[in-house]
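In mature numbering (1 follows the signal peptide of the UniProt record, and there is no 0), the protein residues as written are -18 to -1, 1 to 398.
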């Protein structure tokens, strides 16, 4: 992470609470991660489309999966006559929103004088439930929010300049999202390596060794969405092309695949990234850079999410089934309690620049995350086994889909 803030770094060193919203009432982020957390809103929309169980609704779900809509919104505009000067990445701009108010954006990438293309990232707030006013991407029209999107034609002013920049674009076609559920898998060739290079992070390498590809999660989810096979997986082949696998089974593989394969692995990715940042940018005893704690904050919100429909939610459901809540089948999941204790312990070590002490915590968290996957596999294997009881029939297709996707998330660990 090259996330920088001198003012925030000072707060971290001083141990001052920056007052970001707590996650699950158990962890206080030290950096801004509301936009990251909102990827779970994509998961909500994705699931809603799947539940209609039609070819059209699956196509709509696939569009959300691929294009996103609720996290890291960017406008791609065409500049009339070209840019009057070079634009550095993160340069601030002011434009006009569709509701008539001024909005703040930052250059998503750098651009040179006379370039006609410019990408601008929309600003976000720290209110988790309503952090972004421009949400388009691949969302269905009913789920879009455009009051904070740039108008189709207008002018922009870059901070430090009084020269208006005239632009045009199509609000519905040129607002895209750089953080998507699919991207958690398809960008892994770079994202799952320390600082973008070198070998894969350890746990991810185990999954690559098992499946034979870094794209295993996306291949499984896309097979569920398209009703196809995954013949190029070395092991753990998921075949959803058979005539007896209909929408009931495909829904389960798709929605659980995105939550637990794509996003679940990305939680661990951010933890590894936190250690990499700590080793590169911090000194033992103190850390004046916020990159490491920002990566940890990202891991925490990818575990929980704005809509609490990711790993945290899974652990809650499975603890009720297996009596592993703090009050047997009721209350808070012991898995979640242990994971958040580890998150907080890791945060303390990272603030102190104690990278070597923070690193083993990744394995502690991973060990807890495997538990709900094992529980899910056992639960649906049992459900399928008892299907011979006519008094309590099982939806075989649904149970098979659920069992298969839970197994897909744990088999590489067991195989190793």
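Using N, Cα and C, we set each Cβ at its ideal position, and we do this for glycine too.
On a predicted model such as this, the values are computed, not experimentally measured, just so you know.
Which one of 71, 267, 115 has the shortest CA to CA distance from residue 333? 267
Taking C-beta to C-beta, are residue 147 and residue 61 nearer than 7 Å? In contact: residue 147 and residue 61 (Cβ atoms closer than 7 Å).
CB of residue 329 within 7 Å of CB of residue 278, strictly: When the beta-carbon positions are compared, residue 329 and residue 278 come within less than 7 Å of each other.
Residues in the same chain with beta-carbon distance under 7 Å from residue 399, minus the five sequence neighbours each way, listed in chain order, please. Past the edges of the chain, shown from -18 to 398, lies residue 399, and the structure says nothing about it.
Take residue 156 as the anchor and find which of 380, 392, 291, 51 has the nearest alpha-carbon. 51
Check whether the Cβ atoms of residue 288 and residue 23 lie closer than 7 Å to each other. yes
Under 7 Å between C-beta atoms of residue 343 and residue 250: no
For residue 101, name the three-state secondary structure that DSSP assigns. strand
Cutoff 6 Å; reference residue 68; Cβ partners in own chain excluding five residues on either side: Residues 94, 95 of the same chain have their beta carbon placed closer than 6 Å to that of residue 68, with the five preceding and five following residues left out of the count.
Which listed residue (1, 117, 73, 100) has its alpha carbon closest to that of residue 17: Nearest C-alpha to residue 17: 117.
I'd like the ranges of any beta strand (DSSP E) spanning at least 3 consecutive residues and lying wholly in the segment 76 to 129. 84 to 89, 99 to 104
Would the beta-carbon of residue 314 fall within 7 Å of that of residue 284? no
Counting beta carbon pairs with one atom in the segment 167 to 174 and one in the segment 187 to 207, are three or more of them shorter than 8 Å? Between the segment 187 to 207 and the segment 167 to 174, the count of C-beta pairs closer than 8 Å reaches three or more; the two stretches touch.
Do residue 395 and residue 352 have their CB atoms nearer than 7 Å? Yes, the pair counts as a contact, with Cβ atoms nearer than the cut-off.
Count the C-beta pairs between the segment 71 to 91 and the segment 123 to 136 that are closer than 8 Å, then say yes if the count reaches three, no if not. yes
What do you get for residue 368, buried or exposed, if any count of 16 or more other CB atoms within 10 angstroms of its CB means buried? exposed
Would you kindly work out how many angstroms separate the C-alpha atoms of residue 143 and residue 57, rounded to a whole number? Approximately 21 Å, taken between the alpha carbons.
Segment limits, beta strand (DSSP E) that includes residue 157: 157 to 159
Could you tell me how far apart the beta carbons of residue 215 and residue 193 are, in whole angstroms, since I believe they sit closer than 8 Å? 5 Å
Bounding residues of the alpha helix (DSSP H) (the contiguous stretch that carries residue 400): This structure cannot settle anything about residue 400, because the visible part of the chain is limited to -18 through 398.
Could you tell me the alpha carbon to alpha carbon distance between residue 297 and residue 110, rounded to whole angstroms? 22 Å
In chain order, what residues of the same chain have a beta carbon less than 7 Å from the beta carbon of residue 382, not counting five sequence neighbours either side? 231, 366
C-alpha distance - residue 9 paired with residue 66, whole-angstrom precision: 45 Å
Helix, strand or coil: which one does DSSP assign to residue 227? coil
On the three-state DSSP scale, how would you describe residue 234? helix
Please classify residue 11: is it buried, with 16 or more other beta-carbons within 10 angstroms of its beta-carbon, or exposed? A buried status is given to residue 11, since no fewer than 16 other beta-carbon atoms sit within 10 Å of its beta-carbon.
Got a sec: is the Cβ-Cβ distance from residue 33 to anything in chain B below 7 Å? No chain B is part of this structure, which consists of one protein chain only.
Distance check for residue 321 and residue 362, CA to CA, integer angstroms please. 24 Å
Report back the beta-carbon spacing between residue 223 and residue 240 to the nearest angstrom; my notes put them in contact at under 8 Å. The Cβ separation is near 20 Å, so there is no contact.
Can you tell me the Cβ-Cβ gap for residue 233 and residue 32, rounded? I've got them flagged as a contact below 8 Å. 5 Å
Is residue 384 helix, strand or coil when you go by DSSP? helix
Which first and last residues belong to the beta strand (DSSP E) in which residue 307 is found? 307 to 309
In angstroms, rounded to a whole number, what distance separates the CA positions of residue 136 and residue 153? 12 Å
Which word fits residue 175, buried or exposed, when buried means at least 16 other C-beta atoms lie within 10 angstroms of its C-beta? buried
Straight-line Cα distance separating residue 294 from residue 178: 28 Å
Please state the DSSP three-state secondary structure of residue 136. Look at residue 136 here: in three-state DSSP terms it is strand.
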